[in-house]
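Working notes for the structure below.
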Amino acid sequence: MTNTGNIQKKSILKIKDLRKSFGDNHVLNGFNLELFEGENLVIMGKSGSGKSVMIKCLVGLMEPDSGSIHVLGKNLLNLNQLELDALRINIGFLFQGSALYDSMTVRENLEFPLRRHKNKFGNLKDTTPLVEETLKSVGLLKAIDLMPSELSGGMKRRIALARTLILKPKIILYDEPTSGLDPITSKEIIELMRRVQKQYNTSSLIITHDVDCARVISERMILLVDGVNYAEGTFKELEAYKDEKVRAFFK
Amino acid sequence: MSKSSLIKSFFIEIGELTYFALRFFRELISKPFELKALIKQCFAIGYKSLLLVSITGFIIGLVITLQTRPTLEEFGAESWMPSMVSISIIREIGPVIIALTFAGRIASGIGAELGSMRVTEQIDAMEVSGTNPFKFLVVTRVLAATLTLPILVIFGDAIALYGSYLIENIKGDVSFQLYFNKVFNSIAFGDIIPATIKTFFFGFAIGLVGCYKGYYCDKGTVGVGDAANSAVVFSSMLLFVLDFIAVFVTDLFFET
């Protein structure tokens, strides 16, 4: 718990001294992060600065060389496969390229995560109402029987978000949620992210290099440079920095 | 790449493939079982290969009979044709040729499919959602290839024998009943059982190599092409190695 003014904030995700190298390429060099309940935290960094590696370490897709990752009070690096899968129900992940399953319809894409975790909803027999409700929340109920190849980029991103939301996660990790989208669709996605956060009461960790996205959605930001936290604060605080490396992000 | 590093990477690949195979068996016996996905894969891998296997088998039967007939005629031994063709098709030519065409279709298909799923992060997405992608994608495909290839080979052998009969009927006026009487008189369980057993191993090798190459695919779209290509090359090579072992073992246990 941390005390910010009169508000007590509960820490739900904590990364300490995270390090990861690929041969001689040291991608993360002691990265630290703390995400509080209900918060929108944006991580900004240039391409190749280690953002995606960090987020993959967070969900167990990659193993860090050293450091610790605590998610919802559990040390992620000490969990066995079953415990990790159980924890992953509480962590949603929106992939940069949406990562919808090509061979399945939108309905099947949303049903897929439920196949192992029906007990979270009291051993659900009919998944249709839950699938429809989640699709409604992203405004794409009409796409329920379409294949991913029939969807536009923005629609794919929305469906991917719906698939993330269906397990009602406590934390959502967004990997470049607006990359490859036109400005109007980007705005729609950002708006959707804000709406979803209120509706589902989630905390968000957003990785982006889109300044507009960071401006609208961030409550706090971390600038990741050379694998370490270079600067930290609100968007306005960072925008006012005189440091060249920080200013480069806002130019 | 130097010779020593080539040899090293070959043995690393063999080690990783062995580990992949062990993981397959571990996941195969653990719950939950993906029965629906298995049936879907049996349909995609087995049923959809029927036409290819039929055409291949039919042509094998025609060609072998056409090529062998003149030699047998020279010795006045045309009446041996059904037994000669049936034994060579059932023991060796049918399983190997059909497995090779199956490898061309299935290993490359699985390699490309899983490879593109890997590079578009679909496999990561399955893992992140707490669903075991290995069980859903790999176990079902390897099992489907293992179970369907023996059926396809038996089917292909039958079609090949029918093709052979057609040539015999046209060229030698041999009736259907006479031809197949001779076929069934000449083949024994010692011909059919070892040949069928080895096709289970062929199917397993094809499914396993295709899945292994696709599951660990990298380097973007180039990697997908590489995965599909190397899956066919590696599984075809492995088929010949397995065939040699199978023939060697059969020779030890069945008097041929």
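So the sequences go chain by chain: A and B.
Numbering of the first sequence is given in the numbering used here, commencing with residue 1 and proceeding in unit increments.
Numbering of the second sequence is given in the numbering used here, commencing with residue 252 and proceeding in unit increments.
All residues carry an ideal CB built from backbone N, CA and C; glycine is no exception.
By DSSP's criteria, residue 25 (chain A) is part of a beta bridge. Which residues make up the other side?
Here residue 25 (chain A) corresponds to residue number 25 of the first sequence, with the count starting at 1. The partner list for residue 25 (chain A) (beta bridge, DSSP) reads A:22.
Give me the residue from A:212, A:213, A:141 and A:207 with the minimum Cα distance to residue 223 (chain A).
Numbered from its first residue, the first sequence carries residue 223 (chain A) at position 223. Residue 223 (chain A) has its Cα closest to that of A:207, out of A:212, A:213, A:141 and A:207.
Any C-beta of chain D within less than 8 angstroms: which residues of the stretch 167-191 of chain A qualify?
Among the protein chains in the structure shown, which are A and B, there is no chain D.
Closer than 7 angstroms, CB to CB, is residue 93 (chain A) near chain B or not?
Within the first sequence, the letter at position 93 stands for residue 93 (chain A). Interface residue, yes.
Reduced DSSP category for residue 502 (chain B) - H, G, I as helix; E, B as strand; rest coil
Against the second sequence, residue 502 (chain B) aligns to sequence position 251. Three-state result, residue 502 (chain B): helix.
Quick check: the stretch 435-450 of chain B against the stretch 359-377 of chain B, are there 3 or more CB pairs under 8 angstroms?
no
Residues in the same chain with beta-carbon distance under 8 angstroms from residue 56 (chain A), minus the five sequence neighbours each way, listed in chain order, please.
Translated into the one-based positions of the first sequence, residue 56 (chain A) becomes position 56. Taken in chain order, the residues that qualify are 62.
Residue(s) in a DSSP beta bridge with residue 205 (chain A):
In the first sequence, the residue the question calls residue 205 (chain A) occupies position 205. Beta-bridge pairing links residue 205 (chain A) to A:41 and A:173.
N- and C-terminal bounds of the alpha helix (DSSP H) containing residue 160 (chain A):
One-based indexing of the first sequence puts residue 160 (chain A) at position 160. Unbroken alpha helix (DSSP H) run through residue 160 (chain A): 153-165.
Beta-carbon of residue 200 (chain A) versus every beta-carbon of chain B: anything under 7 angstroms?
One-based indexing of the first sequence puts residue 200 (chain A) at position 200. By this cut-off, residue 200 (chain A) is not an interface position.
Which of the residues in the stretch 367-396 of chain B, read from start to end, lie with their CB under 8 angstroms from any CB of chain A?
367, 368, 371, 372, 373, 375, 376, 377, 378, 379, 380, 381, 382 and 383
On the CB-based measure, 16 or more other CB atoms within 10 Å of its CB, does residue 40 (chain A) come out buried or exposed?
Here residue 40 (chain A) is taken as the residue at index 40 of the first sequence, counted from 1. Under this definition residue 40 (chain A) is a buried residue.
With distances taken between CB atoms, is the gap from residue 226 (chain A) to residue 96 (chain A) smaller than 7 angstroms?
Taking the first sequence and counting its residues from 1, the one referred to as residue 226 (chain A) is at position 226. Taking the first sequence and counting its residues from 1, the one referred to as residue 96 (chain A) is at position 96. The answer is no: Cβ separation not under 7 angstroms.
Mind checking residue 377 (chain B): buried by the 16 CB within 10 Å criterion, or exposed?
One-based indexing of the second sequence puts residue 377 (chain B) at position 126. Of the other Cβ atoms in all chains shown, 16 or more fall within 10 Å of the Cβ of residue 377 (chain B); this residue is therefore buried.
Near residue 447 (chain B), which residues of its chain fall below 6 angstroms by C-beta distance, leaving aside the five closest residues on each side in sequence?
Locating residue 447 (chain B) in the second sequence gives position 196, counting from the first residue. Result list for residue 447 (chain B): 401, in chain order.
Residue from A:128, A:149 and A:153 whose Cα sits closest to the Cα of residue 141 (chain A)
Counted from its first residue, the first sequence places residue 141 (chain A) at position 141. Among A:128, A:149 and A:153, the Cα nearest to that of residue 141 (chain A) belongs to A:128.
Could you tell me whether the Cβ atoms of residue 18 (chain A) and residue 31 (chain A) are closer together than 7 angstroms?
Taking the first sequence and counting its residues from 1, the one referred to as residue 18 (chain A) is at position 18. Taking the first sequence and counting its residues from 1, the one referred to as residue 31 (chain A) is at position 31. Yes; because the gap between Cβ atoms is below 7 angstroms, this pair is in contact.
Cβ closer than 7 angstroms: which chain B residues qualify as neighbours of residue 85 (chain A)?
As a position in the first sequence, residue 85 (chain A) is number 85, starting the count at 1. Going along chain B in sequence order, the residues near residue 85 (chain A) (Cβ under 7 angstroms) are 381.
Given that a residue counts as buried once 16 or more other Cβ atoms are within 10 Å of its Cβ, and exposed if not, what is residue 131 (chain A)?
Sequence index remark: in the first sequence, residue 131 (chain A) carries index 131 (1-based). So residue 131 (chain A) ends up on the buried side.
Any beta-carbon of chain B closer than 7 angstroms to the one on residue 113 (chain A)?
Reading the first sequence from its first residue, position 113 is the one you call residue 113 (chain A). Cβ-Cβ to chain B under 7 angstroms: yes for residue 113 (chain A).
Where DSSP assigns a beta bridge to residue 71 (chain A), which residues make up the other side?
Taking the first sequence and counting its residues from 1, the one referred to as residue 71 (chain A) is at position 71. Looking at the DSSP assignment, residue 71 (chain A) forms a beta bridge with A:13 and A:74.
Figure out for me which residue from B:310, B:277 and B:353 has the closest Cα to the Cα of residue 297 (chain B).
Position 46 of the second sequence, counting from 1, holds the residue named residue 297 (chain B). Nearest of B:310, B:277 and B:353 to residue 297 (chain B), Cα basis: B:353.
Within 8 angstroms, do at least three Cβ pairs link the stretch 266-279 of chain B to the stretch 387-398 of chain B?
yes
Could you tell me if residue 75 (chain A) is buried or exposed, where buried requires 16 or more neighbouring beta carbons within 10 angstroms of its beta carbon?
Within the first sequence, the letter at position 75 stands for residue 75 (chain A). With fewer than 16 other Cβ atoms within 10 Å, it is exposed.
Residue ranges of each alpha helix (DSSP H) run of no fewer than 4 residues wholly in the stretch 370-441 of chain B, ordered along the chain?
Fully enclosed alpha helix (DSSP H) runs of no fewer than 4 residues occupy 373-379, 391-423 and 427-437 of the stretch 370-441 of chain B, in order along the chain.
Grouping DSSP H, G and I as helix and E and B as strand, with all else coil, what is residue 326 (chain B)?
On the second sequence, residue 326 (chain B) is found 75 positions in, with the first residue counted as 1. Three-state result, residue 326 (chain B): coil.
Does DSSP put residue 125 (chain A) in a helix, in a strand, or in coil?
For the purposes of this step, residue 125 (chain A) is taken as the residue at position 125 of the first sequence. In the displayed model, residue 125 (chain A) falls within coil according to three-state DSSP, outside both helix and strand.
With 7 angstroms as the threshold, decide whether the Cβ of residue 99 (chain A) is near any Cβ in chain B.
The residue you call residue 99 (chain A) lines up with position 99 of the first sequence. Chain B, which has a Cβ nearer than 7 angstroms to the Cβ of residue 99 (chain A), makes this yes.
Since residue 310 (chain B) and residue 344 (chain B) should fall inside the 8 angstroms C-beta cutoff, what is the C-beta to C-beta distance between them, to a whole number of angstroms?
Taking the second sequence and counting its residues from 1, the one referred to as residue 310 (chain B) is at position 59. Taking the second sequence and counting its residues from 1, the one referred to as residue 344 (chain B) is at position 93. With 8 angstroms as the limit, residue 310 (chain B) and residue 344 (chain B) do not qualify as a contact, their Cβ atoms being about 11 angstroms apart.
Name the two residues that bound the continuous alpha helix (DSSP H) containing residue 301 (chain A).
The requested residue 301 (chain A) does not occur in the structure, where chain A is confined to residues 1 to 251.
Under 8 angstroms Cβ-Cβ, which residues of chain B neighbour residue 209 (chain A)?
The residue you call residue 209 (chain A) lines up with position 209 of the first sequence. Simply none; closest approach about 18 angstroms.
For a contact meaning CB atoms closer than 8 angstroms, what does residue 61 (chain A) contact in chain B?
The residue given as residue 61 (chain A) occupies position 61 in the first sequence. Under the 8 angstroms cutoff, chain B gives 375, 378 and 379.
Taking the CB atoms as reference points, tell me whether residue 351 (chain B) and residue 487 (chain B) lie closer together than 7 angstroms.
Position 100 of the second sequence, counting from 1, holds the residue named residue 351 (chain B). Position 236 of the second sequence, counting from 1, holds the residue named residue 487 (chain B). Contact flag set, yes.
Find out if the Cβ-Cβ distance for the pair residue 449 (chain B), residue 285 (chain B) is shorter than 7 angstroms.
Residue mapping note: residue 449 (chain B) aligns to position 198 of the second sequence, counting from 1. Residue mapping note: residue 285 (chain B) aligns to position 34 of the second sequence, counting from 1. Against a cut-off of 7 angstroms, the Cβ pair of residue 285 (chain B) and residue 449 (chain B) comes out as no contact.
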